[in-house]
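Following my numbering, the numbering of the sequence shown begins with -12 at its first residue and continues without gaps.
Virtual Cβ for every residue (Gly too), placed ideally from N, Cα, C.
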Amino acid sequence: MSQSYGVLRVVRMPHLQPQTTRGWTIRTPYPTAWLPDEQLVHVLTRRETSIGRALSNDVVLMDLSVSREHARVVLDSDGCWYIINLTPHNVIRVNGQAIPSHVPFPLRSQDLIVLGSTMLQFLAPHVAVVGGSEGPREQARASYAEQVTQLLPSAQPQAVLSAPGNPLPATLPPGEGEAAVCEPWDERESEEESLLGAGVTMQFALSPRLGRRIRWLMAGVGLSILAICALITLILNSFIGINALTQNGASSLLAALTIPLVPALGTLLLVNFIDRFEREPWYLRLATFLWGMVIAIPTAFFIERLIDSVLLNLLAPGTSTVLRSALQGLNAGFTEETVKGLGLLLLFLVLRDQFDNITDGIVYSAMIGAGFALVENFSYFATGYRNSLVFLIIYRVVLGWLGHPTFTACFGSMLGYTRHTRSRWQQVITPLLGYVMAVMLHSFFDFVDIQAGIEVQANPGNTHVAILALVTIICDYIPPFLVQMLLLYLLIRSLAQEAAIIREFLASEVSNGVVTVDEYALLQHSFQRTRQERKALWQYGFRQWLRVKALYQAEIGLAFRKWHVSMGDSQKTGYLRQPEDAYRERIRRLRQEIRAFEEQARARRRGT
-12 MSQSYGVLRV VRMPHLQPQT TRGWTIRTPY PTAWLPDEQL VHVLTRRETS IGRALSNDVV
48 LMDLSVSREH ARVVLDSDGC WYIINLTPHN VIRVNGQAIP SHVPFPLRSQ DLIVLGSTML
108 QFLAPHVAVV GGSEGPREQA RASYAEQVTQ LLPSAQPQAV LSAPGNPLPA TLPPGEGEAA
168 VCEPWDERES EEESLLGAGV TMQFALSPRL GRRIRWLMAG VGLSILAICA LITLILNSFI
228 GINALTQNGA SSLLAALTIP LVPALGTLLL VNFIDRFERE PWYLRLATFL WGMVIAIPTA
288 FFIERLIDSV LLNLLAPGTS TVLRSALQGL NAGFTEETVK GLGLLLLFLV LRDQFDNITD
348 GIVYSAMIGA GFALVENFSY FATGYRNSLV FLIIYRVVLG WLGHPTFTAC FGSMLGYTRH
408 TRSRWQQVIT PLLGYVMAVM LHSFFDFVDI QAGIEVQANP GNTHVAILAL VTIICDYIPP
468 FLVQMLLLYL LIRSLAQEAA IIREFLASEV SNGVVTVDEY ALLQHSFQRT RQERKALWQY
528 GFRQWLRVKA LYQAEIGLAF RKWHVSMGDS QKTGYLRQPE DAYRERIRRL RQEIRAFEEQ
588 ARARRRGT
């Protein structure tokens, strides 16, 4: 079994980029590709690792300015790391300092290494300094200064000893990293917590100034609203179901209860697939689904009926059917997208830390849209079972199973984009544009559908009109399809950035011993991480599977919390500790539980 000693992380690499009109090239703070690239993190599984352009190297860099065999990273018996420049002509820089060839240069975790046009960051757990004496790495740096003095007479030892440290901002105060690794653990902290309960984010969701009574009052009001809306939804759909049962028989009710489940389950599976890295909690997915299914449906129903009655009184009897259809479509688009969007906005404002990026906006939007479409499809299939069952299956399931999720995702994705920018005007304008896009797309879709139905009813038995209406309805899905392609592009870019955030903001946690080298490499590859989670399920059972998933999510959550702070989120006031500390404690506790359970399982197997 191979052992992982450290990591080389690609910070910058040469890649072709389009030039602007002034000949400039666009540089990103860290490499992001269309999909997370496994070649951006190289795990050091040997004590000697060769780096170069040739395929025979342990770490292959596709950089023409890198030599075929450029450098070697070495771990000695004392636990000290060195890098050796194997080329007499090409330069290697460590933290901006050029090192000569064939002289071992000591490395520390988070040092930046430049080979050609490629910048790497070296990551490895810190070696503890015992008794406050000078560690072997510091002694090696001093001896290296003497070697450079002998080889390069013009060089000064002080220049070597005062080489610039890691330019990245420190995530812990001085000395805190060592304390986090070396201090003894409290036995009370190792008690197993609920793996299906609220995570770290929920612990800091509400201000500690709110008393227990206020919190219970807020929970009671929320549950009351949910119960009232659920009762109204149940009553409305009961009338529809009873009417379908009396007119069309039990088969219509059975179809109305089962067929709408297909697009809802498909959306759920799609959400599980696209939510690859910072996964959203099950209870928030359920809450957004219930918002669309229970709260948005009756609210939109009554508002639409009210606006329809107002329009009926305002419009003259001879008003054009096209205008009536346009106003009805606008009524549906504005009302439904507003009510669904309020759920997203409420989640964003109350649980801002849980609403991380575009991916989260698409995930929550899809769940709200799936809940809304489930109830709406029930009414369609219950009332149209006898005359248009095949048409409804094609229209609502085959072609339109992502209709409502797509409309709502226009607003949700743009709301998630606000987490990527510090510009105030972008944080206001971008969600507003997404909301307008959702309303207009939904309104145009319903306008075409309503107008096609009016034309068919006005010309009964006319085959040409029926065919033209059918073609028009099929073409009505082209705009949502184009928007889905745009959302797919945004989703892929967002997932790539999630992997980059994990690489960037967990680097220091590897040095401090919070995250292991293997975990750091695994967290950036969702499919490999999923296989590890399944492996824990098959080998150790359901509880261990939950622990492993919780460990990975806690580490990813720590990376995203640090990213939020770097993007301008303020520290939590009124708490004795910050979310970063809570994440680190949870990671430590979960790792203890995982290791203890695995040791017990191995002991039982040896005993049998």
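According to DSSP, residues forming a beta bridge with Thr36 = Val60
request  = Look at the alpha carbon of Pro467 and the alpha carbon of Leu252, and state the distance between them as a whole number of angstroms.
outcome  = 20 Å
query = To the nearest whole angstrom, what separates the beta carbons of Arg34 and Tyr69, a pair I think is in contact under 8 Å?
reply = Contact doesn't hold; Cβ gap of about 11 Å is too wide.
key: Integer-rounded CB distance, given that Tyr372 should sit under 8 Å from Ala242   = 6 Å
request  = Would you kindly report the start and end of the unbroken beta strand (DSSP E) that includes His113?
outcome  = Neither: His113 is in no beta strand (DSSP E) and is coded neither H nor E.
request  = Tell me the start and end of each unbroken alpha helix (DSSP H) in the segment 464 to 499 that is at least 4 residues and wholly inside, in chain order.
outcome  = Qualifying alpha helix (DSSP H) stretches, in chain order: 465 to 492, 494 to 498.
query = In whole angstroms, what is the alpha-carbon distance linking Ser410 and Lys549?
reply = Straight through space, the alpha carbons of Lys549 and Ser410 are spaced by roughly 19 Å.
query = Is Trp68 helix, strand or coil by DSSP?
reply = Correct three-state label for Trp68: strand.
key: Beta-ladder partner(s) of Ala439, from DSSP   = In DSSP, Ala439 forms no bridge with anything.
key: Beta-carbon contacts of Met427 that lie in its chain and below 8 Å, excluding the five residues immediately before and after   = Gly320
inquiry  = Whole angstroms are fine: how far does the CA of His113 sit from the CA of Gly119?
reply    = Below a pLDDT of 50, predicted positions are generally treated as unreliable, and Gly119, at 44, falls in that range; the measurement from the model is reported next regardless. Their backbone Cα atoms lie some 15 Å apart in a straight line.
ask   = Ordered along the chain, which non-local residues of its own chain (more than five positions away) have a Cβ less than 8 Å from that of Leu314?
value = Leu298, Leu302
task = Within the segment 361 to 412, note down every full alpha helix (DSSP H) run reaching 4 residues or more, in order along the chain.
result = 372 to 379, 390 to 404
message = Based on DSSP bridge pairs, tell me the residues matched to His29.
response = Leu(-5)
inquiry  = Just to confirm my understanding: we take Asn153, look at its own chain, exclude 5 residues before and 5 after, and list those with CB closer than 6 Å. What are they?
reply    = Summary for Asn153: the model assigns pLDDT 36, below 50, so the residue's position carries little reliability; its value from the coordinates is reported in the next sentence. Around Asn153: Gln97.
ask   = Rounded to the nearest angstrom, how far is the Cβ of Arg490 from that of Val28, given a contact under 8 Å?
value = The Cβ separation is near 6 Å, so the contact holds.
query = Are the CB atoms of Glu265 and Glu567 nearer to each other than 8 Å?
reply = no
task = Could you round the C-beta distance between Leu477 and Ile355 to whole angstroms and report it? I think they count as a contact, below 8 Å.
result = Incorrect: roughly 18 Å between the Cβ atoms, too far for contact.
query = Could you give the uninterrupted runs of the alpha helix (DSSP H) lying entirely in the segment 280 to 346, keeping only those of 4 residues or more?
reply = 283 to 301, 308 to 337
request  = For Thr105, count neighbouring Cβ atoms within 10 angstroms of its own Cβ and tell me buried if that reaches 16, exposed if not.
outcome  = Around the C-beta of Thr105, 16 or more other C-beta atoms lie within 10 Å, and the residue is accordingly described as buried.
message = Check whether the segment 353 to 369 and the segment 417 to 425 are in contact - that is, three or more C-beta pairs closer than 8 Å.
response = No, they do not touch.
Residues of its chain near Arg202, where Cβ-Cβ distance is below 8 Å and the 5 sequence neighbours each way are ignored = Leu193
task = For the segment 376 to 387 and the segment 398 to 406, state whether three or more C-beta atom pairs, one from each stretch, are separated by less than 8 Å.
result = no
ask   = Around the C-beta of Cys462, are 16 or more other C-beta atoms found within 10 angstroms, so that it is buried, or is it exposed?
value = exposed
ask   = Based on Cα-Cα distance, which residue from Gln341, Arg(-4), Asp436 lies nearest to Gly186?
value = Gln341
ask   = Thinking just about the alpha-carbon of each residue, which of Leu244, Phe394, Thr450, Arg263 is nearest to the one in Phe365?
value = Leu244
inquiry  = Taking the alpha helix (DSSP H) that Ile201 belongs to, which residues open and close that run?
reply    = 199 to 235
request  = Rounded to whole angstroms, what's the CA-CA distance from Thr32 to Glu585? Just pull it up for me.
outcome  = 23 Å
key: Residue nearest to Val(-3) in terms of C-alpha spacing, selected from Ile488, Phe514, Thr517, Val501   = Ile488
message = Looking at the strands, I want to know which residues DSSP matches up with Ile454.
response = Paired residues: none, contrary to the question.
query = Roughly how many angstroms lie between the CA atoms of Tyr507 and Gly500, to the nearest whole one?
reply = 11 Å
key: Which residues DSSP lists as bridging Met354, in chain order   = DSSP output for Met354 lists no bridge partner at all.
C-alpha distance - Gly348 paired with Thr220, whole-angstrom precision = Take the alpha-carbon of Gly348 and the one of Thr220: they are about 26 Å apart.
query = Who are the Cβ neighbours of Ala129 in its own chain at under 6 Å, not counting the five residues just before and after it?
reply = Reliability of the predicted coordinates at Ala129 is poor, the pLDDT of 49 falling under 50, and no value is obtained from them.
query = What residue does the alpha helix (DSSP H) around Val504 start on, and which one ends it?
reply = The continuous alpha helix (DSSP H) containing Val504 extends over residues 504 to 510.
request  = Indicate whether the contact test is met: 3 or more Cβ pairs, each with one atom in the segment 435 to 442 and one in the segment 302 to 312, closer than 8 Å.
outcome  = yes
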